[in-house]
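One structure is given here, and the rest of the page talks about it.
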Amino acid sequence: MNFEWSEAEKAYRSEVVAFLEEHVTEEVRGSWLVDTPARIEFVSKMAAKGWLGQGFPEKYGGTPSTTPFAQYILNVELDRFNAPIVGKNVGTIARTILHVGSESLKLDFLPKIFNNEGQWALTYSEPSAGTDLGNISTFAENKGDHLEVNGMKHYITSAHFCDWYWMVVKTSHELPKHKNLSLIIVDANSPGISIAPMYCVGTTTAERTNQVFFDRVKVPNSRIVGELNQGFYYMMQAIDYERFAIIAAAQHNRRFHKILEYFKEVDFAGERPLTDDPVSRSQMARLASRVEVGNMLERLCMCIAAERVPSVEASMNKAWGAMMHDETCSLAENILGPYGCLAKGSPYAALQGYIMEEYLMAGHGRIAAGGVDTAKTIIARRLLGLPNSFAPPVLSAR
Amino acid sequence: MNFEWSEAEKAYRSEVVAFLEEHVTEEVRGSWLVDTPARIEFVSKMAAKGWLGQGFPEKYGGTPSTTPFAQYILNVELDRFNAPIVGKNVGTIARTILHVGSESLKLDFLPKIFNNEGQWALTYSEPSAGTDLGNISTFAENKGDHLEVNGMKHYITSAHFCDWYWMVVKTSHELPKHKNLSLIIVDANSPGISIAPMYCVGTTTAERTNQVFFDRVKVPNSRIVGELNQGFYYMMQAIDYERFAIIAAAQHNRRFHKILEYFKEVDFAGERPLTDDPVSRSQMARLASRVEVGNMLERLCMCIAAERVPSVEASMNKAWGAMMHDETCSLAENILGPYGCLAKGSPYAALQGYIMEEYLMAGHGRIAAGGVDTAKTIIARRLLGLPNSFAPPVLSAR
Amino acid sequence: MDIKLSEDQNLLQDTAARFMQRECGFEFLRDIENNSNTGFCPHMWRSFAEMGWLGINLPEEYGGMGMTMVDNVILLRELGRKICPSPLLHTVVTAGESISRCGTEVQKRELLPSIVAGTSVYAFAFQELSRFFHPSHIRCEAKVEGDAYVISGRKMFVEFADRADTLLVVARTGGPAINRKDSSGLTMFLVDRHSVGVTCELMPTMSRDRQYEVVFDNVRVPESCILGNVDRAWADLEPAIQKTAIALCAYTNGAGFEMHARATQYAKDRVQFDRPIGQMMTIQMYLAQSIMELYGADTLTLFTASNMDQGLNVRGYVGKMKAFCAETVCRNMDTGSQIFGGMGYMEDHDTTLYLRRGKQLELMLGGTEYWLEVIAEEIIDRQPVNLS
Amino acid sequence: MDIKLSEDQNLLQDTAARFMQRECGFEFLRDIENNSNTGFCPHMWRSFAEMGWLGINLPEEYGGMGMTMVDNVILLRELGRKICPSPLLHTVVTAGESISRCGTEVQKRELLPSIVAGTSVYAFAFQELSRFFHPSHIRCEAKVEGDAYVISGRKMFVEFADRADTLLVVARTGGPAINRKDSSGLTMFLVDRHSVGVTCELMPTMSRDRQYEVVFDNVRVPESCILGNVDRAWADLEPAIQKTAIALCAYTNGAGFEMHARATQYAKDRVQFDRPIGQMMTIQMYLAQSIMELYGADTLTLFTASNMDQGLNVRGYVGKMKAFCAETVCRNMDTGSQIFGGMGYMEDHDTTLYLRRGKQLELMLGGTEYWLEVIAEEIIDRQPVNLS
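Chains U, A, F and S are the protein sequences, given in the same order.
Going by the working numbering, the first sequence opens with residue 1, and the numbers climb by one from there.
Going by the working numbering, the second sequence opens with residue 1, and the numbers climb by one from there.
Going by the working numbering, the third sequence opens with residue 1, and the numbers climb by one from there.
Going by the working numbering, the fourth sequence opens with residue 1, and the numbers climb by one from there.
Here is the structure:
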């Protein structure tokens with residue numbers, strides 16, 4: 001049992017930290033969720049270090065990785081620095097292309113991804129297909145040498161700056177549910193695509209996502225990923241590639257400590273919330289132990305990742321993190337009293353409105369990427385072996 | 001809108017209170033859950049006042065009731081005095097006999113119930129039939145002029161002092177589930193009945209329940225309540241008779257206030273938990289507001305009971321009460337620290353072990369008589385109109 | 001004992017519900033948030049006056065309706081359902097009640113009819129730069145200077161200050177507070193909003209309502225502006241704050257019920273995996289827990305109002321009510337949003353108007369820790385309860 | 001970074017698990033509760049010694065195994081699964097560690113081998129008549145009288161005092177504590193249980209374990225009984241208490257895992273309404289939440305032990321671990337019992353042995369408020385964390 005990195009891993013981490021100390025500017029920190037020139041430039045620098053394609057074959061632009069943990073170490077540190085982590089482009093898209101894509105897709109797109117040439121948008125969700133992707137209705141019709149795509153997608157976070165949509169579409173009216181979906185790559189500048197912004201509550205500036213409309217959009221057959229009508233299965237497999245998803249704790253840690261430090265300093269007419277108020281003090285201490293448990297669940301994921309895909313543990317980690325987001329922000333609001341409700345722009349707003357905005361989005365965290373209850377269902381089924389809730393009765397009625 | 005009793009109701013309540021002040025002795029208080037001579041004597045005194053049969057026809061020993069709330073007022077005050085409330089004998093058994101019993105059962109048993117002649121045991125539960133009474137397997141075979149009962153029942157609280165079992169048995173091997181059960185009345189001294197005690201955790205003296213074994217027990221056909229094989233439906237209907245079940249708050253109130261008063265007085269080496277410890281003080285204040293909500297839900301039940309059976313509201317009241325039992329005892333234990341774990345017999349045990357014993361049984365309250373989740377399911381279905389969780393899909397797949 | 005509304009109460013409730021349904025839709029709310037510089041609709045305010053709502057609890061001899069606090073709860077619950085923005089709470093309840101309780105005959109005759117008529121708007125200048133709500137936290141000072149008082153200090157979260165005609169200012173006249181329990185030394189002043197030395201600055205909030213920081217820079221007011229007794233404001237003000245808390249909880253509960261109804265409907269309509277999501281036991285547990293809490297909150301509010309109408313001491317009940325309703329309704333906004341999934345967190349989705357208000361309503365008029373302390377004083381520091 | 005056990009650790013875990021499975025069944029536990037006057041099994045204690053468990057962390061030069069705290073966690077988790085009663089915790093960990101840390105060479109040579117051999121049992125006489133665990137609460141006094149000390153006072157919750165050979169007594173030698181944070185003025189004494197003036201009285205508990213009230217009535221002990229520095233016991237004792245807390249949490253987590261496994265199995269087997277109850281989403285949510293918390297508790301315990309093995313300051317981690325594990329495991333006992341329905345509250349049902357221990361384990365070695373204060377001191381009163 002060993003909770004520490006090996007010497008080789010420590011050396012790699014030192015290299016990463018040195019790099020981040022040099023290159024993570026304020027602009028980069030601010031680009032955690034949005035695209036900016038500073039972000040692109042920063043990611044390209046990482047690409048130049050060969051850090052994006054670690055573990056991928058060199059013929060597709062990959063680089064050998066010094067340790068099986070290279071990607072985690074990188075992401076943990078990125079997250080700790082509040083810089084954009086290496087996420088879906090490598091974890092979902094590149095891996096899926098590598099596993100099921102044609103040779104030409106591999107040669108075309110993998111080097112681009114590893115060099116940070118161009119941005120991608122995961123394009124799955126639709127109004128009637130949220131957790132249940134089997135309900136997708138955006139249709140791609142076979143037109144001989146190409147598909148014609150019609151429909152609408154939403155919650156497409158990167159749509160307003162992406163170059164390609166990594167998209168799931170329905171490709172058969174006849175085949176049964178789950179056997180009628182395909183993965184395709186769509187150029188963002190294809191004629192017939194239009195987008196409309198959607199904003200997250202309380203954050204009219206930064207946290208944007210989009211609706212994307214597809215009106216007779218032509219997609220060459222060569223842009224079909226893997227086999228037609230196998231898209232659902234590719235997406236399910238991709239969940240197990242998403243080892244990057246096990247990084248969740250640093251955000252919650254950072255949020256907790258940022259708020260804790262604020263409470264140590266802030267002074268309401270001579271009252272300091274944590275030293276003058278035993279109740280707040282005790283509540284923050286209890287929360288600290290719960291936030292620490294998030295760190296442990298992440299560490300557990302990493303320990304296990306050396307052996308196998310830590311899918312159950314990753315579910316725990318994500319669920320716990322989302323709960324901590326909620327608990328941290330709710331407690332901070334309650335400690336602040338009415339001052340917790342002030343928005344950016346008020347000189348009295350706690351951390352310039354950060355706590356309030358984080359509070360409003362805390363619920364979203366419990367839903368986004370599956371949600372706490374979904375995570376618990378995964379735990380109940382995969383780890384505990386409990387039966388599917390919607391399975392028919394085991395005994396006949398009589 | 002009126003949260004107060006009318007003048008007539010107040011007068012009745014004064015009469016009740018005066019009676020209770022005179023007759024509720026320490027022995028009566030202690031008999032809340034168990035049978036004792038003091039309890040029998042006390043209930044017989046209530047019977048002599050005509051209070052048990054209020055609202056039932058006089059030909060069966062009933063008495064006219066001065067107000068529709070007479071039974072609640074009586075029970076609320078009984079509960080407040082920690083005396084045994086008027087419960088299942090009147091609320092379930094007498095009402096069911098009145099509604100579906102034969103004339104001879106009515107003439108035979110109703111006056112006995114209203115006069116407190118003899119005790120009853122509800123005899124439903126079996127090891128494989130807990131929440132799902134459809135699973136009952138104790139069988140009563142038709143032997144011409146009588147039934148022969150074989151099987152086992154458990155959690156039969158009054159078995160060791162009852163005169164009759166009010167019992168549900170399976171009476172057909174052929175009929176489908178729920179249509180094969182019957183209600184019967186079994187003399188406790190019938191040959192072939194044996195009992196074995198079961199004790200509630202942590203209370204080896206008082207809180208006893210029983211297993212009851214039936215070995216070729218003969219029950220005359222005249223003791224079948226209503227029609228054969230209709231027992232399940234009678235039991236379901238009885239749930240709606242159980243207006244007495246809406247009394248739940250006084251227990252939780254009494255528990256909370258008893259503990260609160262203890263904390264005001266107890267002095268651990270000069271530390272008083274509630275005045276020297278802002279955290280405990282704040283926690284008890286929050287709990288006080290939650291306990292008060294229990295009072296409100298009970299009051300709501302009573303307000304509504306004048307109009308209709310408050311089944312949804314009674315579910316809320318019971319669920320909330322059970323939650324308060326748990327929250328009150330857990331908090332009290334935490335405030336006491338290690339001293340919370342001392343049992344009766346230690347001079348340091350809080351309230352002579354009361355808090356510890358109540359703590360251990362708090363979980364049982366959430367399960368007994370349905371449980372919190374069952375109550376919530378009733379609320380979701382009956383009040384909110386949400387669909388049955390085990391219903392088949394509404395849409396065909398694909 | 002019954003919870004049925006009287007005929008008049010039914011009429012009040014129906015009228016309010018219909019009015020809100022018609023006039024206070026989401027477009028209206030968005031428009032008030034984004035485009036109004038008042039934070040409420042003056043036309044609607046006049047309609048409130050026409051319907052008699054602005055005099056609901058005020059004495060009939062001064063033009064009010066002389067109705068009960070229970071009636072007020074019934075009305076405010078309907079306003080809350082549609083989260084209707086208006087200065088009713090502090091104008092009609094806080095100021096109206098304070099003036100009715102302790103105003104001179106001259107003040108009552110002069111001020112109450114204009115509240116009822118909708119021609120005066122009041123703002124409540126109480127909270128200062130403290131997380132707490134205890135009266136001891138007040139530092140804003142009013143000094144005697146000849147036959148006038150000079151007020152200096154800074155008040156926060158003065159709702160609708162910019163639109164108010166009059167500010168109900170609670171200031172310190174009797175020296176600093178000795179400890180947190182010290183409620184002495186305070187005096188209420190009715191200050192013309194346009195007095196020299198009064199400046200207001202908008203404090204942007206989560207709800208996007210109109211909260212102001214108001215600075216009093218040597219504001220000179222005549223002695224006639226004093227409301228009630230000098231140095232002993234709290235005795236008069238606390239009952240007014242209790243009434244305000246009841247009205248606020250009624251409003252808050254209404255908002256909670258509406259959010260719950262919308263979430264429940266969505267749970268029935270939204271189909272995923274071939275089933276309405278409301279078929280899932282998890283969703284059922286959330287919604288059942290929520291409605292149980294809302295029933296409790298609502299009944300506790302009605303009961304507290306009813307006790308107040310009977311002239312009973314309701315301090316403990318008000319504390320329990322405010323502590324419970326505030327937390328419950330905020331939690332309900334959260335639960336409701338969760339049912340809507342990602343949509344529940346999109347700025348354009350209607351229910352985010354409720355989500356954004358949940359926490360702020362919870363923390364208005366004193367965060368929960370203040371009211372817990374009120375409860376503690378009542379249940380711990382007072383005489384033991386008779387358990388019979 | 002990996003969580004795999006070494007070969008030795010695997011062997012230790014398997015040996016312990018097999019031994020517990022064989023020797024520590026429910027009948028044994030009931031028998032110890034009801035019929036033993038020792039509260040543990042002396043035979044089993046000898047087996048512990050034979051397997052080397054009683055020297056697990058003690059230095060090899062005094063006959064110990066010199067193993068790590070992580071190893072101890074692995075062992076105690078197995079003992080905890082079967083809620084095995086023994087005086088291991090305070091004999092091996094609290095006393096063993098205290099003696100190893102600050103005993104004189106003579107004391108170590110004399111005392112440690114007999115701990116390892118299972119021939120000495122120690123009890124820890126620390127807690128007094130206070131809800132709290134802070135060292136400042138100690139009033140039991142040791143006064144110098146010639147070349148001896150005279151101890152007077154009352155100690156509570158001294159586990160296995162009646163069976164102990166030696167009591168590790170923490171007494172006040174340096175005057176009363178100034179405030180709750182004052183940990184000075186204490187001294188540790190190793191007192192022969194049979195000394196004149198020592199009396200023990202059983203304190204009946206929820207777990208039905210063997211906690212004693214021990215009265216010291218002018219108990220005269222020679223100076224040689226002092227362990228460590230006079231007036232400065234806390235500096236030596238706190239690390240021993242931290243180790244004890246780690247071992248206790250490991251034991252507690254083991255009990256939690258076992259209860260969870262039993263409840264999960266029952267959820268699969270128990271059929272109601274034609275379905276195993278584990279098919280219900282509500283049941284799934286309970287069990288998933290529980291196991292998630294248990295994984296967190298277990299990893300936090302291992303991590304804290306591992307940090308301690310590396311000689312790092314673990315005060316903050318110990319606080320977080322104890323606060324979290326205690327509450328979590330107690331909640332898990334409750335959740336587990338709920339899954340079993342009414343049966344889970346019947347005295348004869350096996351899992352009530354776990355239910356009865358849950359709360360008591362939570363409150364042992366300081367209730368959660370004490371450990372929250374430790375956390376607060378570490379995260380609030382110390383320097384700010386570097387967030388980079």
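Cβ atoms here follow ideal geometry from the backbone N, Cα and C, with glycine treated the same way.
Note that the structure is predicted; figures quoted are calculated from it, not measured.
Query, Result
"Would you say Met206/F faces chain U, with C-beta separation under 8 angstroms as the test?", "yes"
"Cα-Cα, which of Asp8/S, Pro42/S, Arg172/S is closest to Val144/S?", "Arg172/S"
"Let me know the secondary structure DSSP gives Leu52/A once reduced to three states.", "coil"
"At a threshold of 7 angstroms, does Gly366/F count as lining the ligand GDP (C-beta to nearest heavy atom)?", "Absence of the ligand GDP is noted for the structure shown, with no ligands found whatsoever."
"According to the neighbour-count rule (16 or more other Cβ atoms, all chains shown, within 10 Å of its Cβ), is Gly101/U buried or exposed?", "buried"
"Assign Thr209/A to one of three DSSP states: helix, strand, or coil.", "strand"
"List the residues of chain U whose Cβ lies closer than 9 angstroms to the Cβ of Val217/A, in chain order.", "Result: empty, since nearest Cβ-Cβ is about 26 angstroms, beyond 9 angstroms."
"Would you mind reading off the limits of the alpha helix (DSSP H) that contains Met346/F?", "Looking at the DSSP string, Met346/F is not in any alpha helix (DSSP H), and its letter there is neither H nor E."
"Look at the Cβ atom of Gly80/F, then the Cβ atom of Tyr251/F, and state whether they are nearer than 8 angstroms.", "yes"
"Reducing DSSP to helix, strand and coil, say where Thr171/U ends up.", "coil"
"Going along chain A, which residues have a C-beta under 7 angstroms from Tyr295/F?", "Leu297, Leu300, Met316"
"Beta-carbon of Gln274/F versus every beta-carbon of chain A: anything under 8 angstroms?", "In the sequence on display, residue 274/F carries Asp and not Gln. True, the Cβ-Cβ gap to chain A drops below 8 angstroms."
"Would a check of beta-carbon distances place Asp8/S closer than 8 angstroms to chain A?", "no"
"Say whether chain F places a C-beta atom closer than 8 angstroms to the C-beta of Ile380/S.", "no"
"Check each candidate in Ala123/F, Phe257/F, Gly185/F, Val329/F and name the one with the smallest Cα separation from Ser98/F.", "Ala123/F"
"Cβ closer than 9 angstroms: which chain A residues qualify as neighbours of Val279/U?", "Pro278, Val279, Arg281, Ser282, Gln283"
"Using CA coordinates, which residue listed in Phe42/U, Asn75/U, Gly55/U, Ser389/U is at the minimum distance from Ser268/S?", "It is worth fixing the name first, because residue 268/S is Lys in this sequence and not Ser. When only C-alpha atoms are compared, the closest one is Ser389/U."
"Hey, out of Glu50/S, Val170/S, His134/S, whose CA is closest to Ser113/S's CA?", "The sequence shown places Pro at residue 113/S, not Ser. Checked all of Glu50/S, Val170/S, His134/S; the closest Cα to Pro113/S is Glu50/S."
"Taking all protein chains shown into account, do 16 or more other C-beta atoms lie within 10 angstroms of the C-beta of Gln310/S, making it buried, or fewer, making it exposed?", "exposed"
"Please work out which residues of its chain come closer than 6 angstroms, Cβ to Cβ, to Val374/F, disregarding the five sequence neighbours upstream and downstream, and give them in chain order.", "Gly319"
"Could you check the C-alpha separation between Val266/A and Ser207/S for me, to the nearest Å?", "23 angstroms"
"Determine, using beta carbons only, whether Leu399/A and Ile379/F come nearer to each other than 8 angstroms.", "In the structure as shown, chain A starts at 1 and stops at 398, and residue 399/A therefore has no counterpart that could be examined."
"Return yes when the Cβ of Ala121/U is within less than 8 angstroms of the Cβ of Ile156/U, no when it is not.", "yes"
"For Leu168/F and Ala235/F, which I take to be in contact (beta-carbon distance under 8 angstroms), what is that distance rounded to the nearest angstrom?", "Rounded, the Cβ-Cβ distance is 16 angstroms, inconsistent with contact."
"Could you check which residue in Val106/S, Leu129/S, Ile74/S has the C-alpha nearest to that of Gly340/A?", "Leu129/S"
"Please decide whether Thr15/S counts as near chain F, where near means a Cβ-Cβ distance under 8 angstroms.", "no"
"Mapping the DSSP letters down to three states, classify Phe303/F as helix, strand or coil.", "helix"
"Give the DSSP bridge partners of Phe189/S, in chain order.", "Val169/S, Ile226/S"
"Have a look at Trp164/A and Cys303/A and give me their C-alpha separation to the nearest angstrom.", "35 angstroms"
"DSSP state of Tyr124/A, grouped into three classes?", "coil"
"Is it buried or exposed, Lys376/U, if we count other Cβ atoms within 10 angstroms and call 16 or more buried?", "buried"
"Classify Leu387/F as helix, strand or coil using the three-state DSSP reduction.", "Bear in mind that a pLDDT of 45 at Leu387/F, under 50, signals an unreliable position, so the number given afterwards is only what the model happens to contain. Coil at Leu387/F, not helix or strand."
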